[in-house]
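A short worksheet on the structure shown next.
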Amino acid sequence: MSEDTIRLVTIGRLIRRRRRLLTVVAVLGALVGLGTSLVFPPRYTTSASVLLPGAWEERELLTQVEIATSSVVVDRAADELDRDGVGAGDLRDRVAARASDGNIIEISATADTPEHAQRLADAMVEQFVAFAARVGGDTADAEAAARPEELRQLVLRTSRRITELADSADPGRTVESVQTRTELAKLRTALQEAVTKLDRTDPAAAGTGMVVMGPAARPDGEAPPTRWQLVAGGALLFVLLTVAGHLTAARVNRRPRTGPEIAAALRSTPLGTVDVPAEQPARRAGEHGPRARISRLLGTGTRWDAPVPRPSGDEAGRQVRYRRVCARLRDLLPAPRRLLVLVPDGDGVALRAAERLAAEAGDGPRLRVLEVPVSRPVVPDRGDESGALVVLGAGDWTTEELTGLAEACADAGHEVVGVVLAGPVPVAPGTAGGRPRDAAVPALAAGEGTTGGAA
Numbered sequence: 000m001s002e003d004t005i006r007l008v009t010i011g012r013l014i015r016r017r018r019r020l021l022t023v024v025a026v027l028g029a030l031v032g033l034g035t036s037l038v039f040p041p042r043y044t045t046s047a048s049v050l051l052p053g054a055w056e057e058r059e060l061l062t063q064v065e066i067a068t069s070s071v072v073v074d075r076a077a078d079e080l081d082r083d084g085v086g087a088g089d090l091r092d093r094v095a096a097r098a099s100d101g102n103i104i105e106i107s108a109t110a111d112t113p114e115h116a117q118r119l120a121d122a123m124v125e126q127f128v129a130f131a132a133r134v135g136g137d138t139a140d141a142e143a144a145a146r147p148e149e150l151r152q153l154v155l156r157t158s159r160r161i162t163e164l165a166d167s168a169d170p171g172r173t174v175e176s177v178q179t180r181t182e183l184a185k186l187r188t189a190l191q192e193a194v195t196k197l198d199r200t201d202p203a204a205a206g207t208g209m210v211v212m213g214p215a216a217r218p219d220g221e222a223p224p225t226r227w228q229l230v231a232g233g234a235l236l237f238v239l240l241t242v243a244g245h246l247t248a249a250r251v252n253r254r255p256r257t258g259p260e261i262a263a264a265l266r267s268t269p270l271g272t273v274d275v276p277a278e279q280p281a282r283r284a285g286e287h288g289p290r291a292r293i294s295r296l297l298g299t300g301t302r303w304d305a306p307v308p309r310p311s312g313d314e315a316g317r318q319v320r321y322r323r324v325c326a327r328l329r330d331l332l333p334a335p336r337r338l339l340v341l342v343p344d345g346d347g348v349a350l351r352a353a354e355r356l357a358a359e360a361g362d363g364p365r366l367r368v369l370e371v372p373v374s375r376p377v378v379p380d381r382g383d384e385s386g387a388l389v390v391l392g393a394g395d396w397t398t399e400e401l402t403g404l405a406e407a408c409a410d411a412g413h414e415v416v417g418v419v420l421a422g423p424v425p426v427a428p429g430t431a432g433g434r435p436r437d438a439a440v441p442a443l444a445a446g447e448g449t450t451g452g453a454a
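Counting from 0, one number per residue, gives the positions in the sequence shown under numbering that gives the first Met the number 0.
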């Protein structure tokens, strides 16, 4: 797993073997999402649009967007909605504006109820249009008040100058003098007409001319994230985090999994693999606490990253595997054939396999089963044994733990003659899962029993 690419089949196996845990995690995530939705009440969002007639450049539209959410407009809207308990400070975080195609300014508002959101959006639009019109109207009024008066004074001065020029012109009846007086009269008439048109001009025409495109619609649903979205998002987030945690742990796991890797860590050779029916779990003395019960309930007691075990054919096939291991031991050991069988403390499958192997071996060779804690292994000193045989499950122990077990055997004078891997396998329906009735129990095992080393 640490060397391979994570594939969909790996994730599928993880989901199948950890479905109980993932279900509990999803429920916890949903509860967290529900609690989050209670802390943050639902929100409703609506918007209203304002049309800006004429040609507007992009920077001008951005300026209008800034004006729509400026403090002046927000404060005016807050004053209008003061009876609803809405303050300017709270209002600034609940309104927004943006420019869309067609010179349209869209102002959105968010509140805890649809009615409040609708009133807030309408108030913001009203105050924005009023403020923009007032700014444009003040400028137009100032210019309209100044320009006509200046023009009137200019017209009066020009008219007097025209009269002076006309009087100083040749009073004769020559053609040139008549033409000059006529042109001066036309100029005076044109000036007076211009002043008249200016007086008729509406100063308010210089305003913005904004058009409100209808009131804000009352929202019929919550703004995202809704309560159900938070619940679903919490469940999905917790499941994804759990899956990611399992995959990360599997990627960094450096435990040997194959027979040659385990044998190399123990400085020995693999002698074979034996099957242990998975339908007969053995609960040991240390597996009855609350932690063990929770592990069995959630299904975390079995490895998820191990390949799917092949179904065991029948009891005869399993017995053949044990007898082949015993035959290899007889070929390796000189007489008298006595071996110390070491099983890591806590490996229930390996313990059952060792007991079954001792029963199948009988007196050739005679096997003494001993459990050893891998954290601080202590192995009895060598007596009349010809060496030590290690029986353990694949992928359960680190290289350092296996090396420590090999060093403990060397300190006690035992040579590790071989390694046997034990793996749980499902039993086909209708087959016997235990050992055969005629299997002999070794006399040495009955006399000495199973002991456990302590650090």
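Beta carbons are placed, not taken as given, at the ideal position from N, Cα and C, and that holds for glycine. If you're wondering where the values come from, they're calculated on a predicted model, not measured in any experiment.
Between Ser-46 and Ile-106, the gap from beta carbon to beta carbon is short of 8 Å. The continuous stretches of alpha helix (DSSP H) do not include Arg-266, and DSSP gives it neither H nor E. Taking each of Leu-183, Val-177, Gln-178 and Ser-176 in turn and checking the Cα distance to Arg-160, the smallest one comes out for Leu-183. If you draw a straight line from the Cα of Thr-188 to the Cα of Ser-176, it comes to about 19 Å. Note that the stretch 37-51 does not touch the stretch 260-276; fewer than 3 beta-carbon pairs, one per stretch, sit closer than 8 Å.
Minimum Cα-Cα distance from Arg-337 among the listed residues Gln-126, Ala-360 and Ala-129 corresponds to Ala-360.
CA-CA distance, Ala-349 to Ile-261, rounds to 14 Å. Secondary structure within the stretch 324-367: the beta strand (DSSP E) runs of 3 or more consecutive residues, fully enclosed, are 337-343 (chain order). Secondary structure of Val-242 (DSSP, three-state): helix. DSSP places Thr-299 outside both helix and strand once states are collapsed to three, so it counts as coil. Assignment of alpha helix (DSSP H) within the stretch 82-121, counting only whole runs of 4 or more residues, yields 87-91 in chain order. Counted as a single uninterrupted DSSP element, the beta strand (DSSP E) harbouring Leu-391 occupies residues 387-392. Only residues of its own chain outside the window of five on either side were considered, and among them Val-340, Val-342, Leu-350, Ala-353, Glu-354, Ala-357, Ala-444 and Thr-449 have a CB closer than 8 Å to the CB of Val-368, listed in chain order. Bounds of the alpha helix (DSSP H) holding Leu-13 are 7-16. Around the beta carbon of Pro-223, a 10 Å sphere encloses fewer than 16 other beta carbons of the protein chains shown; the residue is thus reported as exposed. Listed as beta-bridge partners of Gly-422 by DSSP are Asp-274. The beta carbon of Ala-122 is closer than 7 Å to those of Ala-76, Glu-79 and Leu-80 in its chain, skipping five residues each way along the sequence. Under the 8 Å Cβ criterion, the stretch 228-242 does not count as touching the stretch 390-407, having fewer than three qualifying pairs. The DSSP-derived three-state label of Val-377 is coil.
In terms of Cα proximity to Val-418, the closest of Leu-50, Ala-411, Arg-58 and Leu-404 is Leu-404.
The three-state reading of DSSP puts Thr-45 in strand, counting E and B together. Between the alpha carbons of Leu-270 and Gly-345 lies a gap of roughly 22 Å. By the criterion of at least three beta-carbon pairs nearer than 8 Å, the stretch 208-217 is in contact with the stretch 51-61.
If you draw a 10 Å sphere on the C-beta of Gly-386, you find 16 or more other C-beta atoms in it, and that means buried. Beta-bridge annotation (DSSP): Leu-50 is paired with Ile-103 and Val-210. Here DSSP, grouped into helix, strand and coil, assigns Gly-412 to coil. Beta-bridge annotation (DSSP): Gly-417 is paired with Leu-388. By the Cβ criterion, the stretch 373-389 is not in contact with the stretch 229-238, since fewer than three pairs of Cβ atoms, one from each stretch, lie closer than 8 Å. Secondary structure at Ala-315: helix, using DSSP grouped into helix, strand and coil. Cβ-Cβ distances below 6 Å link Gln-126 to Val-72, Arg-75 and Ala-76 in the same chain, with the five nearest sequence neighbours on each side left out; the list follows chain order. Residue burial is scored here from C-beta neighbours: Glu-370 has at least 16 other C-beta atoms within 10 angstroms and is therefore classed as buried.
Taking 8 Å as the cut-off, the beta carbon of Pro-289 is found no closer than this to the beta carbon of Pro-218. In the DSSP assignment, Arg-58 falls within the alpha helix (DSSP H) that extends over 57-67. Note on geometry: alpha-carbon atoms of Glu-221 and Leu-61 lie some 29 Å from one another.
The alpha carbon of Glu-57 has as its nearest neighbour, out of His-115, Ala-108, Pro-379 and Ala-98, the alpha carbon of Ala-98.
Boundaries cannot be given for Ala-216, as no alpha helix (DSSP H) includes it and DSSP labels it neither H nor E.
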